[in-house]
Amino acid sequence: MSHHSLLTVEQLQCRLQERQVLDGISFSLQQGEFIGLLGPNGAGKSSLLRCIYRYYSSAENAIRLDGRCIQSIAPRALAQDMAVVLQQAPSDMSLTVVDVVALGLLPGMALWQRPDSEAQARVQQAIADVGLAAQQHKQLAQLSGGEQQRVHIARALVQRPKLLIMDEPTSHLDIKYQIELMELVRSLNLTVLASFHDLNLAAAMCDKLLVLDSGKLVANGTPKAVITESLLSEVFGVCTQVGAHPQNPEHWPLVHYFYADRSQTS
Ligand SMILES: Nc1ncnc2c1ncn2[C@@H]1O[C@H](COP(=O)(O)OP(=O)(O)OP(=O)(O)O)[C@@H](O)[C@H]1O
1 MSHHSLLTVE QLQCRLQERQ VLDGISFSLQ QGEFIGLLGP NGAGKSSLLR CIYRYYSSAE
61 NAIRLDGRCI QSIAPRALAQ DMAVVLQQAP SDMSLTVVDV VALGLLPGMA LWQRPDSEAQ
121 ARVQQAIADV GLAAQQHKQL AQLSGGEQQR VHIARALVQR PKLLIMDEPT SHLDIKYQIE
181 LMELVRSLNL TVLASFHDLN LAAAMCDKLL VLDSGKLVAN GTPKAVITES LLSEVFGVCT
241 QVGAHPQNPE HWPLVHYFYA DRSQTS
């Protein structure tokens, strides 16, 4: 297999209002990899993703996509290469599913162009991929939170991005949708960088995990190498026993959490 670094982050710093939010972050993401970003509240996950999708600017060459500094890529070209799915995507609730998914075509089209039949077929395919074919003419306001999130993933798929960035895309979804959405994204063989709060879901879905703590990258490796009792204690401040997932004991750690001892109370 020939892999190359699609995304390279080198010594990234981010200061927001005199606060050092990210400090010396370095990692790379190979084509086809699915990387999970973990860390406690305030660790810097959203800030890191915002630097990468250029909502925040970064120093020259700190972030490179396909070898080019992202600061030098034209907005339209960047929008073609990267798709972003956020937890709460700001969108007009009166738009229909088809309308929103078709927005994913825009970065690849000239202003005067109308979507041709190939583009329309692509929209239909993405809607089918996320299982919303029967609801495509409904307005967003008529869909559940999980269905709305699937619409945003379909929009990102239509874009055919080189890199898909997701910031806690599943955190307000029920467990079935969380699993379904992540498996859907996995099945599409995209290159993905996604933040998670659910450690077990991240461990089962991701090829590699990055862990942030107070703006620093404190771990980077396979789920099995990263998810350890000592890391969870140091970074997340929780007491755990890490075992193996019955479905894939070789590669997927499974975290068991310990709670306050209630044996003394009656
Ligand atoms: N616009 C801002 N100005 C100043 N500080 C900010 C700003 N946005 C975020 N921060 C601070 O930067 C730090 C990192 O925040 P960030 O949102 O990146 O963390 P996170 O890991 O995504 O957290 P969470 O899990 O709670 O979403 C936090 O301490 C936060 O208070």
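So the sequence shown is numbered by the UniProt record's numbering: it starts at 1 and just counts up by one. Just so you know, even glycine gets a beta-carbon here, dropped at the ideal spot from N, CA and C. Since the model is a prediction, treat every value here as computed from it, not as a measurement.
Give me the pocket residues for ligand 1, defined as CB within less than 6 Å of any heavy atom, sorted by chain position. Every residue passing the under-6 Å Cβ criterion appears here: 16, 17, 19, 21, 39, 41, 42, 43, 44, 45, 46, 47.
Whole-angstrom distance between residue 131 and residue 137, CA atom to CA atom: One-based indexing of the sequence shown puts residue 137 at position 137. One-based indexing of the sequence shown puts residue 131 at position 131. Going from the Cα of residue 137 to the Cα of residue 131 covers about 13 Å.
Cutoff 7 Å; reference residue 175; Cβ partners in own chain excluding five residues on either side: Position 175 of the sequence shown, counting from 1, holds the residue named residue 175. Close CB contacts of residue 175 within its chain, under the 7 Å cut and outside five residues either way in sequence, are absent.
Are the C-beta of residue 10 and some C-beta of chain D separated by less than 9 Å? Judged by its chain identifiers, the structure shown contains no chain D, having just a single protein chain.
Straight-line CA distance for residue 207 to residue 35? Here residue 207 corresponds to residue number 207 of the sequence shown, with the count starting at 1. Here residue 35 corresponds to residue number 35 of the sequence shown, with the count starting at 1. Between the alpha carbons of residue 207 and residue 35 lies a gap of roughly 6 Å.
I'd like to check one pair, residue 123 with residue 163: are the Cβ atoms closer than 9 Å? Here residue 163 refers to the residue found at position 163 of the sequence shown. Here residue 123 refers to the residue found at position 123 of the sequence shown. No, the Cβ-Cβ distance between residue 163 and residue 123 is not below 9 Å.
Nonlocal neighbours in the same chain, by C-beta distance under 7 Å from residue 190, ignoring five residues either side: Locating residue 190 in the sequence shown gives position 190, counting from the first residue. So the qualifying residues of the chain are 164.
Is it buried or exposed for residue 60, if we count other Cβ within 10 angstroms and need 16 for buried? Numbered from 1 along the sequence shown, position 60 holds the residue referred to as residue 60. Exposed, by the Cβ-count rule.
To test your reading of the DSSP string, which unbroken beta strand (DSSP E) runs of 3 or more residues are found completely within the region 169 to 217? The beta strand (DSSP E) runs lying completely inside the region 169 to 217 and spanning 3 residues or more are 192 to 195, 208 to 213, given in chain order.
Can you tell me which of the three DSSP states residue 152 falls into? What you label residue 152 is simply residue 152 of the sequence shown in a count that begins at 1. If DSSP states are grouped into helix, strand and coil, residue 152 belongs with the helices.
Same chain, Cβ closer than 8 Å to residue 256, neighbours up to 5 away in sequence not counted: Numbered from its first residue, the sequence shown carries residue 256 at position 256. Here residue 256 has 240, 241, 242, 243 as same chain residues with Cβ atoms under 8 Å from its own Cβ, once five neighbours each way along the sequence are excluded.
Can you tell me whether residue 78 is helix, strand or coil according to DSSP? Your numbering for residue 78 matches position 78 in the sequence shown. Reduced to three states, the DSSP call for residue 78 is helix.
So residue 98 packs on residue 127, CB below 8 Å; how close in whole Å? In the sequence shown, the residue the question calls residue 98 occupies position 98. In the sequence shown, the residue the question calls residue 127 occupies position 127. The beta-carbon separation of residue 98 and residue 127, rounded to 7 Å, stays under the 8 Å limit for a contact.
Give me the Cβ distance between residue 226 and residue 211, rounded to the nearest whole Å; I'm assuming they're in contact under 8 Å. As a working mapping, residue 226 is identified with position 226 in the sequence shown. As a working mapping, residue 211 is identified with position 211 in the sequence shown. With a Cβ gap of about 6 Å, residue 226 and residue 211 count as contacting.
Can you tell me which of the three DSSP states residue 102 falls into? Mapped onto the sequence shown, residue 102 falls at position 102. In the three-state reduction of the DSSP assignment, residue 102 falls in the helix class.
Could you have a look at residue 142 and say whether DSSP puts it in helix, strand or coil? Position 142 of the sequence shown holds residue 142. DSSP places residue 142 in the helix class (H, G or I) of the three-state scheme.
Own chain, CB closer than 8 Å to residue 12, minus 5 neighbours either side, in chain order: Numbered from its first residue, the sequence shown carries residue 12 at position 12. Taken in chain order, the residues that qualify are 22, 24, 25, 26, 48, 51, 58, 59, 62, 63.
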